[in-house]
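**Q** Input: one structure, supplied below.
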Amino acid sequence: MIAIIAYYIFFGLVLVIYETQICPFLECSGYLEALKNTFGPVLLLLPLRVYLFNWHQRKINVFGMAQNPALFSLPWREFITDLVVWLLAGLGIGFVFVFYSHVPVLTVLKVILGCVAFGLFGGMLCFLSMERRIIEFLKTEKAEVAFTPKRMFSVSRKMLFFTITVLLFMVMAILLMAFMNINYLLDHKGFLRMDFFFSFFKEILFAFSILFVLSLFILARYSQNLKANLSIQLGVMEDI
């Protein structure tokens with residue numbers, strides 16, 4: 006639960022920094038206003054996210070002790086939950102931007118896309134964290150839960166899914182930023198300054214850096230889960 010709260014606060018602060026320091030299409034607003042506009046919707050949804058996390062956490066023991074195959078659906082429930090919560094946060098931030106700050110629609114779209122990206126990346130981390138807890142539960146309790154192949158992705162399919170999702174959103178975010186920047190340059194040919202180009206480059210570099218760091222976190226967590234899963238399989242083989 007502490008990890009959930011920490012990464013929501015981290016992503017919320019990333020949005021605040023983007024609004025105050027990075028985005029070239031937002032008027033320079035103070036940190037207090039940015040906290041209200043972007044951090045507010047995230048904090049409002051955080052109790053719901055914590056409640057759902059605790060509910061999924063309790064279901065590990067319930068499903069595991071009952072040998073219910075639904076145990077293996079919990080990582081996907083965590084993934085979908087995080088994605089939906091961040092989508093709601095993005096819509097809330099977009100509503101504030103459009104009706105109170107009168108921000109351009111494409112800028113709002115970038116913010117919503119960023120929140121969806123946070124939901125996908127955070128959902129992947131939650132998926133892997135829940136998978137890790139299930140692996141530890143099965144290892145500690147020596148539980149045997151029957152499952153069908155339809156309920157779980159193979160290692161290669163999960164890695165393919167995560168890789169495609171990461172690359173797709175990196176490309177979409179950068180292309181959208183480039184599209185907005187080019188349109189802005191075309192509309193303001195007579196008022197261009199070098200700081201405009203620097204701000205555009207800084208925005209793309211900022212987005213790429215955040216997505217790259219999150220990709221490394223996902224890869225590291227996935228490697229830990231794979232190692233733990235292999236240790237259980239080796240233990241079973243030794244018992245045989």
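Everything in the sequence shown is counted per our numbering, starting at 6 for the first residue and increasing by one.
Backbone N, C-alpha and C define an ideal beta-carbon position, used for all residues, glycine too.
All figures in this text were calculated on a predicted structure; none of them were measured in a lab.
In this structure, does DSSP put H107 in helix, strand or coil?
**A** If you number the sequence shown from 1, residue 107 lands on position 102. Coil, per DSSP.
**Q** I'd like to check one pair, F126 with L216: are the Cβ atoms closer than 9 angstroms?
**A** Start at 1 with the first residue of the sequence shown, and residue 216 comes out as number 211. Start at 1 with the first residue of the sequence shown, and residue 126 comes out as number 121. Taking 9 angstroms as the Cβ cut-off, L216 and F126 qualify as a contacting pair.
**Q** Which residues in the same chain as D87 place their Cβ atom closer than 6 angstroms to its Cβ, once the five residues preceding and following it in sequence are excluded?
**A** Along the sequence shown, one-based indexing puts residue 87 at 82. Taken in chain order, the residues that qualify are G124, G127, G128, C131.
**Q** In whole angstroms, give me the CA-to-CA distance for Y13 and Q72.
**A** Taking the sequence shown and counting its residues from 1, one reaches residue 13 at position 8. Taking the sequence shown and counting its residues from 1, one reaches residue 72 at position 67. C-alpha separation (whole angstroms): 33 angstroms.
**Q** Report all residues from its chain with a CB closer than 6 angstroms to the CB of N42; omit the five preceding and five following residues, and keep chain order.
**A** Mapped onto the sequence shown, residue 42 falls at position 37. Contacts found: V101.
**Q** Excluding five sequence neighbours on each side, which residues of the same chain lie with their C-beta closer than 6 angstroms to the C-beta of W91?
**A** Numbered from 1 along the sequence shown, position 86 holds the residue referred to as residue 91. Answer for W91: C120, F123, G124, listed in chain order.
**Q** Can you have a look at Y36 and say buried or exposed, based on whether 16 or more other CB atoms are within 10 angstroms of its CB?
**A** Your numbering for residue 36 matches position 31 in the sequence shown. That one is exposed.
**Q** Report the rounded CA-to-CA distance for I223 versus L18, giving the unit in angstroms.
**A** Within the sequence shown, residue 223 is the residue found at index 218, counting from 1. Within the sequence shown, residue 18 is the residue found at index 13, counting from 1. Roughly 20 angstroms separates the two Cα atoms.
**Q** Can you tell me the Cα-Cα spacing of I85 and Y23, whole angstroms?
**A** Numbered from 1 along the sequence shown, position 80 holds the residue referred to as residue 85. Numbered from 1 along the sequence shown, position 18 holds the residue referred to as residue 23. C-alpha separation (whole angstroms): 25 angstroms.
**Q** If you compare alpha carbons, which of K144, L133, I187 is closest to A225?
**A** The count along the sequence shown starts at 1 and reaches residue 225 at position 220. Checked all of K144, L133, I187; the closest Cα to A225 is L133.
**Q** Between the C-alpha atoms of L79 and L143, what's the straight-line distance to the nearest angstrom?
**A** In the sequence shown, residue 79 corresponds to position 74, counting from 1. In the sequence shown, residue 143 corresponds to position 138, counting from 1. So the two alpha carbons sit approximately 14 angstroms from each other.
**Q** Short of 7 angstroms in beta carbon distance, which residues of its chain neighbour G95, apart from the five on each side in sequence? Order them along the chain.
**A** Translated into the one-based positions of the sequence shown, residue 95 becomes position 90. The residues are V116, I117, C120, V121.
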